[in-house]
Amino acid sequence: MAKSKFSENLTKLRCSVCKRINYNTRKNKKTFEGKLELKKYCRWCRASTKHVEAKR
Ligand SMILES: [Zn+2]
Numbered sequence: 001m002a003k004s005k006f007s008e009n010l011t012k013l014r015c016s017v018c019k020r021i022n023y024n025t026r027k028n029k030k031t032f033e034g035k036l037e038l039k040k041y042c043r044w045c046r047a048s049t050k051h052v053e054a055k056r
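For the sequence shown, position 44 (counting from the first letter as 1) is numbered 44 according to the working numbering, and the numbering increases by one without interruption.
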């Protein structure tokens, strides 16, 4: 198996309040384990809300 420097997945961040996807980010498997949760500004809620990783 070849080693890759780019072991990161494209991940979407969804607002936990309105369930809209607001951000696209990259998740590094080595840095993040488990579910990604970030507090970010949601333009739909007009507030900083919890954004969680959206599963496909
Ligand atoms: Zn929202």
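Think of the CB as a built atom: it goes at the ideal place given N, C-alpha and C, for glycine as much as any other residue. Being a predicted model, the structure only gives us computed values, none of them experimental.
Boundaries for L36: no beta strand (DSSP E) harbours it, and the DSSP string shows neither H nor E there. Under DSSP, R14 shares a beta bridge with I21 and V52. R43 and K19 have their C-alpha atoms roughly 12 Å apart. Assignment of R26 by DSSP, reduced to helix, strand and coil, places it in the strand class. By the neighbour-count definition (other C-beta atoms within 10 Å, threshold 16), L10 is an exposed residue.
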